[in-house]
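Student: Supplied in structure tokens, the structure appears directly below.
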Amino acid sequence: MNQYRLSRAFGMLTTGMAFIVAAVVVALWFLLRGALESTLALDIGAGVVFALLIAVSFIVLLRPPVVLTLDPVGYRTRKDEGKWKDVQDVALADGMLTFADSAERTVSLPLNVIDVSRHTELVNEVYGRLNEAHGYRRFNPADFEQAD
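Using the numbering used here, you'd call the opening residue of the sequence shown number 5 and step up by one each time.
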């Protein structure tokens, strides 16, 4: 079973957005703190939100979530799954990997969410698993040579 994780670029983007939101939380906390008499709840709330944003951003950055899982039975994305035996067509166009199954359902995955260094590996694995599921194998001329 191979898992393809979210690209580091998207992890950095998420981290950047979380730091911006955390900065806004700190600025609001600073402004509201001077206007209120009792600030304990505000201090705790702002601290919790700040800590959660930073923790989530580092988790996404250090261990990106799984976007696609391929195993001998089928594939799983975060929202969809399918069996290799049911896949009728796989298309690779415009940066999208699209699975079409026998129920005329399509599942599309943008390749830019997966690390660029693993694109070739992903495409080769998808086609290899499809060939295996449908009983296809590579043509080897040596298998058909006659002994003299």
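Think of the CB as a built atom: it goes at the ideal place given N, C-alpha and C, for glycine as much as any other residue. Please read these numbers as outputs of a predicted model, since none were measured by experiment.
First and last residue of the beta strand (DSSP E) that includes L168?
Tutor: This structure cannot settle anything about residue 168, because the visible part of the chain is limited to 5 through 152.
Student: Assign N6 to one of three DSSP states: helix, strand, or coil.
Tutor: On the sequence shown, position 2 is the one that residue 6 refers to. Three-state DSSP puts N6 in a strand.
Student: Which same chain residues, not among the five before or five after V127, have their C-beta less than 7 angstroms away from its C-beta?
Tutor: The residue given as residue 127 occupies position 123 in the sequence shown. Contacts found: L96.
Student: With C-beta atoms as the reference, is V91 less than 8 angstroms away from D75?
Tutor: Numbered from 1 along the sequence shown, position 87 holds the residue referred to as residue 91. Numbered from 1 along the sequence shown, position 71 holds the residue referred to as residue 75. Taking 8 angstroms as the Cβ cut-off, V91 and D75 do not qualify as a contacting pair.
Student: Among residues of its own chain, excluding the 5 on either side of L10, which ones have a beta-carbon nearer than 7 angstroms to its beta-carbon?
Tutor: Indexing the sequence shown from 1 puts residue 10 at position 6. P68, P69, V71, V117.
Student: Between which two residues does the beta strand (DSSP E) holding R174 run?
Tutor: The displayed coordinates of the chain run from 5 to 152. Any statement about residue 174 would go beyond what the structure contains.
Student: Could you please give the first and the last residue of the uninterrupted beta strand (DSSP E) stretch that includes L126?
Tutor: Taking the first residue of the sequence shown as 1, we reach residue 126 at position 122. Element bounds for L126: not the beta strand (DSSP E) but the alpha helix (DSSP H), 123-137.
Student: Which partner residues does D105 have in the DSSP bridge list?
Tutor: For the purposes of this step, residue 105 is identified with residue 101 of the sequence shown, where counting begins at 1. Per DSSP, V91.
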